[in-house]
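Inspection log for the structure reproduced underneath, given as structure tokens.
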Amino acid sequence: TGEEAKDEEEEEVLDEETKRRDQMVKGAIDSLIREYSSELSASSQDAEAHQRKKRKEKKE
3 TGEEAKDEEE EEVLDEETKR RDQMVKGAID SLIREYSSEL SASSQDAEAH
53 QRKKRKEKKE
């Protein structure tokens, strides 16, 4: 019927808008990850080095 077609059409429009928004958000997240990835990996390496240093000091 006409009502079913209208409901289906609204779902498709919403889906397209949602897909576009999801793609934009995913792109923004990806760019932030790229931008800060060196800082993130650097801080984790610093933490690992700090732990190793602590263990070494305990052994001595």
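Each residue of the sequence shown is one higher than the last, beginning at 3 in my numbering. We put the CB at the ideal spot given by N, CA and C, even for glycine.
Between residue i and residue j, what straight-line distance do the alpha-carbon atoms span, to the nearest angstrom?
i          : j          : result
residue 25 : residue 14 : 16 angstroms
residue 37 : residue 22 : 23 angstroms
residue 31 : residue 20 : 16 angstroms
residue 17 : residue 28 : 16 angstroms
residue 41 : residue 34 : 11 angstroms
residue 53 : residue 59 : 10 angstroms
residue 43 : residue 57 : 21 angstroms
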